[in-house]
Structure formats: structure tokens, C-alpha cells
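Trainee: Here the sequence shown stands for residues 1363 to 1754, numbered as in this note's numbering. C-beta: ideal position from N, C-alpha, C; glycine also.
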Amino acid sequence: MHTSPADAATRATASVPQLVVHDDAIRANTAAFAARTHGRLMAVLKADGFGHGAIARSVIDAGASSIGVTTIDEALAVRAAGAAVPVLSWLNPIDADFAGAVLADVDIAVSGVELLSAVSRAAVGTGRRARVHLHADVGMARDGAPPETWAALCTAAFELQQHGSIRVVGVMGHMSCADRPADPQNDRERLLFDNAVRTARRRGLAGFVTHLAATAATITGVGGTHDVHRIGAGLFGIDPSGTSTDLEPTLSLTAPVIATREIAAGTGIGYGLDHVADRRTNLALLPLGYGDGLPRSASERAEVQVRGRRRPLVGRFSMDMVVVDTGDERLGLGETVTLFGRGHDGEPTVTDWAGWADTIEHEIVTRIGTRVARVHRSTTSIDDQEACDAHR
Ligand SMILES: *Cc1c(COP(=O)(O)O)cnc(C)c1O
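1. My understanding is that L1496 touches V1472, with C-beta atoms under 8 Å, so please give their C-beta distance in whole angstroms.
2. Which residue from W1718, D1690, G1694, L1695 puts its Cα closest to that of L1701?
3. Do A1617 and V1699 have their C-beta atoms within less than 8 Å of each other?
4. Please report the distance separating the alpha-carbon of H1738 from that of A1387.
5. Within 7 Å: the Cβ of A1578 and any heavy atom of ligand 1?
6. Would you mind working out which of A1466, A1458, A1426 sits nearest R1483, comparing C-alpha positions?
7. Just reading off the beta strand (DSSP E) that L1381 is part of, what are its end residues?
8. Relative to the C-alpha of T1587, which residue among T1392, R1402, S1377, G1594 is closest?
9. Please specify which runs of the alpha helix (DSSP H), each continuous and at least 4 residues long, are wholly inside the segment 1686 to 1729, giving them in chain order.
10. Return the residue from the list R1504, L1635, A1626 that minimises the CA-CA distance to R1642.
11. My understanding is that T1622 touches L1656, with C-beta atoms under 8 Å, so please give their C-beta distance in whole angstroms.
12. On the DSSP bridge assignment, give the partners of D1541 in chain order.
13. Does the segment 1404 to 1413 come close enough to the segment 1424 to 1431 to have 3 or more Cβ pairs within less than 8 Å?
14. So the candidates are G1731, D1385, V1378; which of them puts its Cα closest to the Cα of T1612?
15. Using the DSSP secondary-structure output, state which residues sit across from T1572 in a beta bridge.
16. Taking DSSP as the reference, what is the three-state secondary structure of D1410?
17. For the alpha helix (DSSP H) that contains G1487, what are its first and last residues?
18. Whole angstroms is fine: what's the gap from T1713's alpha carbon to T1580's?
19. For P1379, is the classification buried or exposed, using 16 other Cβ atoms within 10 angstroms of its Cβ as the cut-off for buried?
20. What are the boundary residues of the beta strand (DSSP E) that includes R1623?
21. Using only the alpha-carbon positions, how far apart do A1568 and S1680 sit?
22. Do V1531 and R1777 count as a contact pair if the criterion is CB distance below 8 Å?
23. Would T1688 pass as a contact of F1412 if the rule is Cβ separation under 8 Å?
24. Per the DSSP calculation, S1377 is bridged to which residue(s)?
25. Within 10 angstroms of its Cβ, does V1734 collect 16 or more other Cβ (buried), or is it exposed?
26. I need the straight-line Cα distance from L1465 to L1553, nearest angstrom please.
27. Which same chain residues, not among the five before or five after I1434, have their C-beta less than 7 Å away from its C-beta?
28. To the nearest angstrom, how far is it from the Cα of R1564 to the Cα of T1572?
29. Please go through the same chain and pick out, in chain order, the residues whose beta-carbon is closer than 7 Å to the beta-carbon of P1448, but skip the five residues on each side of it.
30. Where does N1644 fall in DSSP's three states?
31. Taking R1493 as part of the beta strand (DSSP E), name the residues at either end of that continuous run.
32. Decide if I1456 is buried, meaning its Cβ has at least 16 other Cβ atoms within 10 Å, or exposed.
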């Protein structure tokens, strides 16, 4: 058989659990949002790119015109990966490394006068201007400046801008109910944001971009028309509004069988013996568990796919392992089992897992642990490998 270096690399890592990151799907989703937003796309890559690892290059290639993250550390990592587009960090403690951010040309969002002053002081120390986005709370009482403090924040920002330590380059808000497009709260928040923008202009600020909508608001249109759309979940095939049909799942999680056994009817499985086999059956052991991000609440509900068939996971999930009931089939050691994939061949998806665990897809994808190897792929190679395994 013809063996390329890529084949060898595949085989070397196929004996451990793998999180395959389908870069081609991320690019396709990104390109779709770039088209939908006419190129005004800030790719949100917080939480290690929603658990997908280093993908800044891919999303920029596919049409993202800026990157958004939570912390300055995340922003610096994106810069270090060679991103030459604007990078925004929107959640930082008062003593964060604002000087480092300014020197790396990282934009900082601020939601209060104290934080703004800290950013300004840090900028003075560097001899450069800080690029600042003012963050208005439009409804969820989480981050962002409360409405009663907004005008004062704008005034303080205008004065510091006149002083030369900062430049206000953006005004942002974030919606609370955009996944329910019919909710009247969306209208309230859109109006509050428009008001906040008007206030900023009246206080002398100009030449900034405005951004309100994330994935759901962009898909459903409830965010109105603004300069930039901050898209996270959608790049990873997740639509919080449940209305989009054209997003591609971006992850596959597989694990090798590390032990098998046949058990008699009446045998209990796992901690507490919660699951008792009602017939003679075969079990296969997989070396990953809730310590790797499989939600324990999906115990006794979740399924996997092996040899083209869905099979149930049985018993309580352990920290480091789960057990598959393979019925009449006895699997081979090292055989690959798919926990979730793109759903093209009947395998479970991240959406299925979110349902089994009573949570949202975001939580499934961001919790896959560091013990699981990330493998970045563009189409077909995983399918080729699976076809190859099946015929072995
Ligand atoms: C996470 C986040 C986003 C991205 O939201 P998605 O629904 O994942 O697109 C946008 N803005 C802020 C402030 C966020 O925290």
C-alpha cells in the first residue's frame, strides 16, 4: 500500500482520542458570514476559538476583517499567530496588561471610567494611543456600562481623546434575547443601542464603528444595521436561533477501543451499577470521560457510532472512560469509535450531545479537554481514514 508522510502521521495519532477540527468547514462558515455581512465580520475566537485551537489564520483567509476575544492574553496569542487585522479584547480586570495590549496594537473595550483611566495611563506610558471601544449595556446587566453611566463614560473618553492618550474606534453592545427573534426585548435593546451611539456623537465622539449583533442577531436580523458583526458560534456551525440550515459542523471526536468483553444478562456496569444489561451483550471501553469534557449528565442517554451503527454508552460516565454496548458485535482493539462528527453519515453531532446533556452546543465544544489531541484537517482525509479503518 502506498504510504505518504500524512498517512504515517494519521496512524501515529489514531491510537488516542482525537478532536478533528475541520478547517474547511470553519472556512466555509466564515465565508458565508462574510458574504452575509458584506465583509464586516469580526470573528470571535474566545475560549481557544470555541475549543477549536489556533484558527485565526483560517478565518482571516476566509474573509474575517477583524478578530474579537475576551482577554488580552488571547488577543496577544492571535497577534503572535500573525494576524494583521484589528484584534479586540473586551473583558479585562483593572490591572490587566493594557500597555502590552497597546504595544501589540490590540483594541480594548471598556465599560467604565475607572477602566478607561487605567487604559489611558498605560497608553501614556507607552507613548502611543490606546484604541478603545466603549461598551454599552443594552439589557442583560452583565458587562457593558449601565445606561445611567453611559453619558459620563462618553464624556470622559472624549476628554482623554482630546488629550491624546486614547482614540475611540468603536461603540459596542450585546443582545440578551436574539435567539428568540419575536421577543420584544430585541426592539428595546436595538433602540437603547441606537440611543447610546447618538449620545456618544453628542458628547463629541466621531469616526468610530458600531457593533451590536452576534450570531443569532445576524441570522435573524434583529440586530439592525451596524458597521461590524461579532460572530462566534456561527463560525463553528452553531446557530443559537435554530433557524439556519446552511452551517457546517466543524468538529469530530473519535476514540480507539482499548478493551472489550462479553457480559451475561444481569451484569451491572460502572459506578453504582446504574445500568444492568438485560441480555448477553458485548462492551467496548473508550479512554475518555468527563475529565475530557464528556458531560456526565449525558450518561445513559448518549450514543456513539461504530461500524456505521449507533450504539449506546452505558453506565455512569467515569472521569477517564466510558463504556459502549456493542450488542452482538465484538469490536477490535484500536478500532475507531466516533462520539460526534459532522452528521453526514448518521453519526451523532454536537447538537445531539447538547440535547443529551440538557445544555447548549457551545458548552460541548469548549469543554473538550487538553488530553484530547487536536488535529486540524481539510475535507475528506478523515473520511478516507475511516473508510480505511472499516476495511482493515
Ligand atoms: C461571545 C460573544 C460574542 C459572540 O457571540 P456568538 O453568539 O457566539 O456569535 C459576541 N460578543 C460578545 C460580547 C461575546 O461575549
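Mentor: Concretely, from the data shown:
1. Here residue 1496 is taken as the residue at index 134 of the sequence shown, counted from 1. Here residue 1472 is taken as the residue at index 110 of the sequence shown, counted from 1. At roughly 6 Å, the Cβ-Cβ gap stays under 8 Å, so L1496 and V1472 are in contact.
2. For the purposes of this step, residue 1701 is taken as residue 339 along the sequence shown, with counting starting at 1. Restricting attention to W1718, D1690, G1694, L1695, the CA atom closest to the CA of L1701 is found in W1718.
3. Looking up residue 1617 in the sequence shown gives position 255. Looking up residue 1699 in the sequence shown gives position 337. It is a contact, given that the beta carbons lie within the stated cut-off.
4. Residue mapping note: residue 1738 aligns to position 376 of the sequence shown, counting from 1. Residue mapping note: residue 1387 aligns to position 25 of the sequence shown, counting from 1. Cα-Cα distance, rounded: 11 Å.
5. Residue mapping note: residue 1578 aligns to position 216 of the sequence shown, counting from 1. For A1578, the shortest C-beta to heavy atom distance toward ligand 1 is below 7 Å.
6. Along the sequence shown, one-based indexing puts residue 1483 at 121. In terms of Cα proximity to R1483, the closest of A1466, A1458, A1426 is A1458.
7. By one-based count along the sequence shown, residue 1381 stands at place 19. First-last of the beta strand (DSSP E) with L1381: 1380 to 1384.
8. Residue mapping note: residue 1587 aligns to position 225 of the sequence shown, counting from 1. Nearest C-alpha to T1587: R1402.
9. As summarised for the segment 1686 to 1729, the continuous alpha helix (DSSP H) elements at least 4 residues long and confined to that stretch are 1712 to 1718, 1723 to 1728, given in chain order.
10. To locate residue 1642, count along the sequence shown from 1; it is residue 280. Selected option, being the one with the closest Cα: A1626.
11. Numbered from 1 along the sequence shown, position 260 holds the residue referred to as residue 1622. Numbered from 1 along the sequence shown, position 294 holds the residue referred to as residue 1656. T1622 to L1656, Cβ: 20 Å. No contact.
12. Position 179 of the sequence shown holds residue 1541. Under the DSSP definition of a beta bridge, D1541 lacks any partner.
13. At 8 Å Cβ cutoff, the stretches touch.
14. Here residue 1612 corresponds to residue number 250 of the sequence shown, with the count starting at 1. Scanning G1731, D1385, V1378 for the CA closest to the CA of T1612 turns up D1385.
15. Stepping through the sequence shown from its first residue, residue 1572 is reached at position 210. DSSP lists V1533 as the bridge partner or partners of T1572.
16. Your numbering for residue 1410 matches position 48 in the sequence shown. It is helical.
17. If you number the sequence shown from 1, residue 1487 lands on position 125. Taken as a continuous stretch (DSSP letters only), the alpha helix (DSSP H) holding G1487 covers 1475 to 1488.
18. The residue you call residue 1713 lines up with position 351 of the sequence shown. The residue you call residue 1580 lines up with position 218 of the sequence shown. Near 20 Å, if we compare the C-alpha coordinates of T1580 and T1713.
19. Sequence index remark: in the sequence shown, residue 1379 carries index 17 (1-based). By the neighbour-count criterion, in which 16 or more other beta carbons inside 10 Å mark a residue as buried, P1379 falls on the buried side.
20. Walking along the sequence shown from the start, residue 1623 turns up at place 261. For R1623, the enclosing beta strand (DSSP E) starts and ends at 1621 to 1625.
21. Taking the sequence shown and counting its residues from 1, one reaches residue 1568 at position 206. Taking the sequence shown and counting its residues from 1, one reaches residue 1680 at position 318. The C-alpha of S1680 is placed about 56 Å away from the C-alpha of A1568.
22. Not covered by the structure: residue 1777. The range shown for the chain is 1363 to 1754.
23. Taking the first residue of the sequence shown as position 1, residue 1688 is located at position 326. Taking the first residue of the sequence shown as position 1, residue 1412 is located at position 50. Annotated as distal: T1688 and F1412, with beta-carbon spacing of 8 Å or more.
24. Your numbering for residue 1377 matches position 15 in the sequence shown. In DSSP, S1377 forms no bridge with anything.
25. Counting from one through the sequence shown, the residue named residue 1734 turns up at place 372. Classification of V1734: buried, given that the 10 Å Cβ count is 16 or more.
26. Looking up residue 1465 in the sequence shown gives position 103. Looking up residue 1553 in the sequence shown gives position 191. Spanning the two alpha carbons is a distance of roughly 36 Å.
27. Taking the first residue of the sequence shown as 1, we reach residue 1434 at position 72. The residues are S1451, N1454, A1458, D1459, G1462, A1463, V1468.
28. Sequence index remark: in the sequence shown, residue 1564 carries index 202 (1-based). Sequence index remark: in the sequence shown, residue 1572 carries index 210 (1-based). Approximately 15 Å, taken between the alpha carbons.
29. The count along the sequence shown starts at 1 and reaches residue 1448 at position 86. S1428, D1469, listed in sequence order.
30. In the sequence shown, the residue the question calls residue 1644 occupies position 282. The three-state reading of DSSP puts N1644 in strand, counting E and B together.
31. Residue 1493 sits at position 131 when you count from the first residue of the sequence shown. Where R1493 is concerned, the enclosing beta strand (DSSP E) stretches over 1492 to 1497.
32. By one-based count along the sequence shown, residue 1456 stands at place 94. A residue is called buried once 16 or more other Cβ atoms fall within 10 Å of its Cβ, and I1456, having fewer, is exposed.
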